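See below for the structure under consideration.
2 protein chains.
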Amino acid sequence: MTKQRPLRQNPVSLATVASAAGVSMATVSRIVNGETRRASAETVERVQKVVAALGYRPNHIGRTLRRRESRIVAMLSPNLDNPAMAAIADSVETALRSAGYVMILCDTHDRADLQDEYLHAMRSQVVQGYVVVNAVRSEGLSEAVSRGDPVVFVGRRNPDGGGSFVGIDNRGAGADAADHLWARGIRDLALIHPSQGSSATRDRVEGFVTRLTELGCPRPSIRSAAAPGLRHLEAGYAAVRALVEGEAGRQDWPAGLFCPSDLMAYGAYRFAQENGIRIPQDCRFVGVDDNALNAWIAPWLTSVHIPYVAFGEKVVDQLKNLWAGEGPSEDLLPHELIVRQA
Amino acid sequence: MTKQRPLRQNPVSLATVASAAGVSMATVSRIVNGETRRASAETVERVQKVVAALGYRPNHIGRTLRRRESRIVAMLSPNLDNPAMAAIADSVETALRSAGYVMILCDTHDRADLQDEYLHAMRSQVVQGYVVVNAVRSEGLSEAVSRGDPVVFVGRRNPDGGGSFVGIDNRGAGADAADHLWARGIRDLALIHPSQGSSATRDRVEGFVTRLTELGCPRPSIRSAAAPGLRHLEAGYAAVRALVEGEAGRQDWPAGLFCPSDLMAYGAYRFAQENGIRIPQDCRFVGVDDNALNAWIAPWLTSVHIPYVAFGEKVVDQLKNLWAGEGPSEDLLPHELIVRQA
DNA sequence: CATGTTTTGGCAAACGTTTGCCTAAACCGT
DNA sequence: ACGGTTTAGGCAAACGTTTGCCAAAACATG
Numbered sequence: 005m006t007k008q009r010p011l012r013q014n015p016v017s018l019a020t021v022a023s024a025a026g027v028s029m030a031t032v033s034r035i036v037n038g039e040t041r042r043a044s045a046e047t048v049e050r051v052q053k054v055v056a057a058l059g060y061r062p063n064h065i066g067r068t069l070r071r072r073e074s075r076i077v078a079m080l081s082p083n084l085d086n087p088a089m090a091a092i093a094d095s096v097e098t099a100l101r102s103a104g105y106v107m108i109l110c111d112t113h114d115r116a117d118l119q120d121e122y123l124h125a126m127r128s129q130v131v132q133g134y135v136v137v138n139a140v141r142s143e144g145l146s147e148a149v150s151r152g153d154p155v156v157f158v159g160r161r162n163p164d165g166g167g168s169f170v171g172i173d174n175r176g177a178g179a180d181a182a183d184h185l186w187a188r189g190i191r192d193l194a195l196i197h198p199s200q201g202s203s204a205t206r207d208r209v210e211g212f213v214t215r216l217t218e219l220g221c222p223r224p225s226i227r228s229a230a231a232p233g234l235r236h237l238e239a240g241y242a243a244v245r246a247l248v249e250g251e252a253g254r255q256d257w258p259a260g261l262f263c264p265s266d267l268m269a270y271g272a273y274r275f276a277q278e279n280g281i282r283i284p285q286d287c288r289f290v291g292v293d294d295n296a297l298n299a300w301i302a303p304w305l306t307s308v309h310i311p312y313v314a315f316g317e318k319v320v321d322q323l324k325n326l327w328a329g330e331g332p333s334e335d336l337l338p339h340e341l342i343v344r345q346a
Numbered sequence: 005m006t007k008q009r010p011l012r013q014n015p016v017s018l019a020t021v022a023s024a025a026g027v028s029m030a031t032v033s034r035i036v037n038g039e040t041r042r043a044s045a046e047t048v049e050r051v052q053k054v055v056a057a058l059g060y061r062p063n064h065i066g067r068t069l070r071r072r073e074s075r076i077v078a079m080l081s082p083n084l085d086n087p088a089m090a091a092i093a094d095s096v097e098t099a100l101r102s103a104g105y106v107m108i109l110c111d112t113h114d115r116a117d118l119q120d121e122y123l124h125a126m127r128s129q130v131v132q133g134y135v136v137v138n139a140v141r142s143e144g145l146s147e148a149v150s151r152g153d154p155v156v157f158v159g160r161r162n163p164d165g166g167g168s169f170v171g172i173d174n175r176g177a178g179a180d181a182a183d184h185l186w187a188r189g190i191r192d193l194a195l196i197h198p199s200q201g202s203s204a205t206r207d208r209v210e211g212f213v214t215r216l217t218e219l220g221c222p223r224p225s226i227r228s229a230a231a232p233g234l235r236h237l238e239a240g241y242a243a244v245r246a247l248v249e250g251e252a253g254r255q256d257w258p259a260g261l262f263c264p265s266d267l268m269a270y271g272a273y274r275f276a277q278e279n280g281i282r283i284p285q286d287c288r289f290v291g292v293d294d295n296a297l298n299a300w301i302a303p304w305l306t307s308v309h310i311p312y313v314a315f316g317e318k319v320v321d322q323l324k325n326l327w328a329g330e331g332p333s334e335d336l337l338p339h340e341l342i343v344r345q346a
């Protein structure tokens, strides 16, 4: 590989400004940082003029090294191609930037080793905190938490327990789905789920099943499929196929199907279409996430809306709490079942 | 706001290792960086043992300050909630990380002022390069380019002209859409587009219209709608509504509709559904992007596939070229029209 | 005028690395 | 034994900030 030339730096530093203004670096530094009462009004004005004239901008690296704090927060997320993850990233980025931080986005591909690698790399960057979406258990994560590094868990709780958390009541979401189908008089139910489900997915399934039991509904058929990575689409397709075709399957379509994520529902939908099953007339689908596109191209999908847009603000609140030395806390945001096609 | 406590740093630095191993910092530094022939075999081994035992990890801030180069690349993207943008971010992130870089993701919300702010902030972070997706013209951008900072434009070319570029042949994509509809014998055509379109969108429209003219096809009806931000969904809905309902509209549905983005097609689809128009039987839609979800829940949409997954690698190649001091170049990736529902 | 207090601002030491240069010692060939 | 080269490794100066401490001057108070 070719040798990398260093990027041309901003040639104007504190020293440049200082000598141009005829004061010391210390004075310039203080004025740049708004410490105006450590200098006379004229000095302040003169320095500010020089700063503007030379276009001086403080070098964050130098500042970070000295202050031992950056304005960077690292966000670790599995696969960005999942729309729900993108929505979270979007929201967190917006909230961080309006709080004056920038976000480094790391795609862990749901792998523990990559998660650890990024945690280490980010620590070397002296980031101020970590936002970990759907964390997996890993050594580095445990270390970071026990070291007291500010980390906020999103979507999935800390696998080791404890810690700050922003998410929804997944069991409640599952229960709402059950209530909805029950209220529609649908009794022949099924559910599919990824076999390596996260705790979030498991909770949704559990909430669904538990609620059905409470209602006295016949136990639903259950089918899972491997979801390598987060390929919920393929998993949904495979699972529903196994459900209605498999040797141990039911050989017919249920009247209602619960999918713990919209992506799985999309996968199931494709299989239904291929087999002439009409959705929602023949089989009513309920998903979770309420993907933004549903309203436009998938109104047949009833889904539990998750207020991802509100996640960012909560995450930043939690980070601020941690920075202030307060203990971790949990934020459960309200979910709501959305029905589009009656 | 509460005072922010500095994050606890890694307490083991070069100095720690050096004194523990009984050598100088210089030696440790060299060994850590693989400069093994500047020390005897025993020394190397001893130092490596100490490094492992103490869990030493070089502080990137110190390194960056000294070397004047980081391993960070900034990616500026308008709204991450657009699936196409998310796909690009995903791809670039993956390619960067396998090249040993980390990516800072900045959401510019398509605003010139935010773009400039991020460009400045990233410069202060001593990033090694910029990847700007769908750049808007801005002062800071022009400065960065003319300063010689490595910047790769993605999707939309440098508004000032010149510079490295990764994208597709948008005119060709539009032409392919025209060819497809023409070959199907469809002559009554229409197209919608966002009124504040990017150059990419404009090129697609232009390619479509030009090709139709070449084919001798009657001129298509054209309708645009404002797309505040990148809300192509709403814009598609509004534009197609104006197309078939507006006082100056055509009062009926065309047989074929070209949308320069899948999102616009989704918007149009919703309006069609609300009006009992069957897609693709009554009106054939052609979009651009080939959103990953199309195969699953929108097979009615014929779309020009853009190989976003391949963008990342190309972007990194371009960056490496720039770092090597070579001039800027362009990468046009192949697009392909995908028909799912005959 | 003496004394105390505020204002204004400079000095210099960090923060954690990297690297040009220097110096011994070891080695080599004659 | 001697000059020359290689080897092994240390010194210290950067990189750009921030900030504790000090000091002179200005000001206030008696």
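First to last, the sequence lines map onto chains A and E.
So the first sequence is numbered by my numbering: it starts at 5 and just counts up by one.
So the second sequence is numbered by my numbering: it starts at 5 and just counts up by one.
Ideal Cβ placement from N, Cα and C applies to all residues, glycine included.
If you're wondering where the values come from, they're calculated on a predicted model, not measured in any experiment.
So, is Gln322 of chain E buried or exposed, given that buried needs 16 or more other C-beta atoms within 10 angstroms?
Taking the first residue of the second sequence as position 1, residue 322 of chain E is located at position 318. Only buried fits Gln322 of chain E, as 16 or more other CB atoms lie within 10 angstroms of its CB.
I want to verify the contact list: residues of chain E whose CB lies under 7 Å from the CB of Ala91 of chain A, in sequence order.
One-based indexing of the first sequence puts residue 91 of chain A at position 87. Here the neighbours are Asp85.
Let me know the secondary structure DSSP gives Asp266 of chain A once reduced to three states.
Translated into positions along the first sequence, residue 266 of chain A becomes position 262. The answer is helix: DSSP assigns Asp266 of chain A an H, G or I state.
Which residues DSSP lists as bridging Glu334 of chain E, in chain order
Position 330 of the second sequence, counted from the start, is the residue given in the question as residue 334 of chain E. DSSP, once it has assigned bridges, lists E:Phe169 as partnering Glu334 of chain E.
Within chain E, the residues that Ser128 of chain A reaches when beta carbons sit closer than 7 Å
Here the question's residue 128 of chain A lines up with position 124 in the first sequence. The answer, in chain order, is Arg61, Pro62, Asn63 and His64.
So the candidates are A:Glu143, A:Met29, A:Asp256 and A:Ser202; which of them puts its Cα closest to the Cα of Asp192 of chain A?
Along the first sequence, one-based indexing puts residue 192 of chain A at 188. Ranked by Cα distance from Asp192 of chain A, the options A:Glu143, A:Met29, A:Asp256 and A:Ser202 are led by A:Asp256.
Which residue's Cα is closest to the Cα of Thr205 of chain E: E:Pro264, E:Ala24 and E:Leu109?
On the second sequence, position 201 is the one that residue 205 of chain E refers to. The residue from E:Pro264, E:Ala24 and E:Leu109 with its alpha-carbon nearest to that of Thr205 of chain E is E:Pro264.
Would you please verify whether the beta carbon of Leu237 of chain A is less than 9 Å from any beta carbon of chain E?
The residue you call residue 237 of chain A lines up with position 233 of the first sequence. Leu237 of chain A belongs to the set of residues whose beta carbon lies under 9 Å from a beta carbon in chain E.
Contact criterion: CB-CB distance below 9 Å. Does Asp192 of chain E meet it with respect to chain A?
As a working mapping, residue 192 of chain E is identified with position 188 in the second sequence. Chain A contact via Cβ: absent.
Short of 8 Å Cβ to Cβ, which residues in the stretch 291-306 of chain A face chain E?
Of all residues in the stretch 291-306 of chain A, Ala296, Leu297, Ala299, Trp300, Ile301, Ala302 and Pro303 have a Cβ within less than 8 Å of some Cβ in chain E.
Three-state class that DSSP yields for Pro10 of chain E in the structure shown
Taking the second sequence and counting its residues from 1, one reaches residue 10 of chain E at position 6. For Pro10 of chain E, the predicted structure reports a pLDDT of 47, less than 50, and the residue's modelled location is therefore unreliable. The matter cannot be settled from this model.
Examine chain A for any beta-carbon lying closer than 9 Å to the beta-carbon of Thr20 of chain E, and answer yes or no.
Position 16 of the second sequence holds residue 20 of chain E. No - not a single Cβ of chain A is within 9 Å of the one on Thr20 of chain E.
Secondary structure at Leu326 of chain A, three-state DSSP: helix, strand or coil?
Residue numbering aside, residue 326 of chain A sits at position 322 when the first sequence is read from its first letter. Looking at Leu326 of chain A - three-state DSSP - the assignment turns out to be helix.
Check whether the Cβ of Asp120 of chain E lies closer than 9 Å to any Cβ atom in chain A.
Numbered from its first residue, the second sequence carries residue 120 of chain E at position 116. Put simply, the CB of Asp120 of chain E is far from chain A, with every gap to its CB atoms at 9 Å or more.
Ala346 of chain E, buried or exposed, once every other Cβ within 10 Å from all chains shown has been counted against 16
Within the second sequence, numbered from 1, the residue matching residue 346 of chain E stands at position 342. Classification for Ala346 of chain E: exposed.
Can you give me the Cβ contacts of Leu247 of chain E inside the same chain, cut-off strictly under 7 Å, excluding the 5 residues immediately before and after it?
One-based indexing of the second sequence puts residue 247 of chain E at position 243. Closer than 7 Å at the Cβ level, and outside the excluded window around Leu247 of chain E, lie Ala194, Ile196, Ser225, Arg227, Gly253 and Arg254.
Tell me the rounded alpha-carbon separation between Val155 of chain E and Glu73 of chain E.
To locate residue 155 of chain E, count along the second sequence from 1; it is residue 151. To locate residue 73 of chain E, count along the second sequence from 1; it is residue 69. Val155 of chain E and Glu73 of chain E have their C-alpha atoms some 15 Å from each other.
Measure from the alpha carbon of Leu267 of chain E to the alpha carbon of each residue in A:Trp300, A:Trp186 and A:Gly240, then state which is nearest.
To locate residue 267 of chain E, count along the second sequence from 1; it is residue 263. Of the listed residues, the one whose Cα sits closest to Leu267 of chain E is A:Trp300.
Apart from the five residues on each side of it in sequence, which residues of its chain come closer than 8 Å, Cβ to Cβ, to Ser307 of chain A?
By 1-based counting over the first sequence, the position of residue 307 of chain A is 303. These residues qualify, in order along the chain: Asp266, Ala269, Val290, Gly291, Val292, Asp293, Asp294, Asn295, Asn298, Leu341 and Ile342.
Terminal residues of the beta strand (DSSP E) in which Ala229 of chain E lies
Within the second sequence, the letter at position 225 stands for residue 229 of chain E. Taken as a continuous stretch (DSSP letters only), the beta strand (DSSP E) holding Ala229 of chain E covers Ser225 to Ala229.
Cβ separation of Leu80 of chain E and Thr112 of chain E, assumed to be a contact under 8 Å, to the nearest whole Å:
As a working note, residue 80 of chain E is residue 76 in the second sequence. As a working note, residue 112 of chain E is residue 108 in the second sequence. Confirmed, Cβ separation roughly 5 Å.
Here's the rule: buried if 16 or more other CB atoms are within 10 angstroms of the residue's CB, otherwise exposed. What is Ser199 of chain A?
As a working note, residue 199 of chain A is residue 195 in the first sequence. In the assembly as shown, Ser199 of chain A is an exposed residue. Its beta-carbon has fewer than 16 other beta-carbons within 10 Å.
State yes or no: is the beta carbon of Gln52 of chain E nearer than 9 Å to at least one beta carbon in chain A?
Working through the second sequence from its first residue, we reach residue 52 of chain E at position 48. Under the Cβ criterion of 9 Å, Gln52 of chain E is not counted among the residues facing chain A.
Between Gly250 of chain E and Gly271 of chain E, is the Cβ-Cβ spacing less than 9 Å?
Taking the second sequence and counting its residues from 1, one reaches residue 250 of chain E at position 246. Taking the second sequence and counting its residues from 1, one reaches residue 271 of chain E at position 267. No, the pair does not count as a contact, with Cβ atoms beyond the cut-off.
Tyr134 of chain E: contacting residues in chain A (beta-carbon distance under 7 Å):
As a working mapping, residue 134 of chain E is identified with position 130 in the second sequence. In chain order: nothing, as chain A lies at least about 10 Å away.
List the residues of chain A whose Cβ lies closer than 7 Å to the Cβ of Asp111 of chain E, in chain order.
On the second sequence, residue 111 of chain E is found 107 positions in, with the first residue counted as 1. Result: Asp94, Glu97 and Thr98.
C-beta neighbour in chain E for Lys7 of chain A, strict 9 Å
On the first sequence, position 3 is the one that residue 7 of chain A refers to. Bear in mind that the predicted position of Lys7 of chain A carries a pLDDT of just 43, short of 50, making it unreliable; the figure below should be weighed with that in mind. At least one CB of chain E lies nearer than 9 Å to the CB of Lys7 of chain A.
Proximity test, Cβ basis, 9 Å: Gly271 of chain E and chain A
Mapped onto the second sequence, residue 271 of chain E falls at position 267. At a cut-off of 9 Å between beta carbons, Gly271 of chain E contacts chain A.
CB contact below 9 Å: Arg115 of chain E versus chain A:
If you number the second sequence from 1, residue 115 of chain E lands on position 111. Interface flag for Arg115 of chain E against chain A is unset, since no Cβ pair is found closer than 9 Å.
Report the option in E:Gly38, E:Val51, E:Ala45 and E:Glu46 whose CA atom is closest to the CA atom of Ser28 of chain E.
Along the second sequence, one-based indexing puts residue 28 of chain E at 24. When only C-alpha atoms are compared, the closest one is E:Val51.
Which of the three DSSP states, helix, strand or coil, is assigned to His197 of chain E?
Mapped onto the second sequence, residue 197 of chain E falls at position 193. Three-state DSSP puts His197 of chain E in a strand.
Give the DSSP bridge partners of Met79 of chain E, in chain order.
In the second sequence, residue 79 of chain E corresponds to position 75, counting from 1. BP columns for Met79 of chain E point to E:Leu109 and E:Val135.
Let me make sure I understand the geometry here. Which of A:Ile281, A:Ala19 and A:Phe315 has the alpha-carbon closest to that of Arg61 of chain A?
Locating residue 61 of chain A in the first sequence gives position 57, counting from the first residue. For Arg61 of chain A, the nearest C-alpha among the options comes from A:Ala19.
To the nearest angstrom, report how far apart Thr6 of chain A and Ala78 of chain E are at their CA atoms.
Taking the first residue of the first sequence as position 1, residue 6 of chain A is located at position 2. Taking the first residue of the second sequence as position 1, residue 78 of chain E is located at position 74. Low local confidence applies: a pLDDT of 39 at Thr6 of chain A is under 50, so the model's placement there is unreliable, with the coordinate-based value given in what follows. Those two C-alpha atoms are separated by around 21 Å.
Whole angstroms are fine: how far does the CA of Ala181 of chain A sit from the CA of Cys355 of chain E?
Absent from the structure is residue 355 of chain E, since the part of chain E shown begins at 5 and ends at 346.
Cβ-Cβ distance between Arg245 of chain E and Leu305 of chain E below 9 Å
Within the second sequence, residue 245 of chain E is the residue found at index 241, counting from 1. Within the second sequence, residue 305 of chain E is the residue found at index 301, counting from 1. One thing to note: Arg245 of chain E has its Cβ no nearer than 9 Å to the Cβ of Leu305 of chain E.
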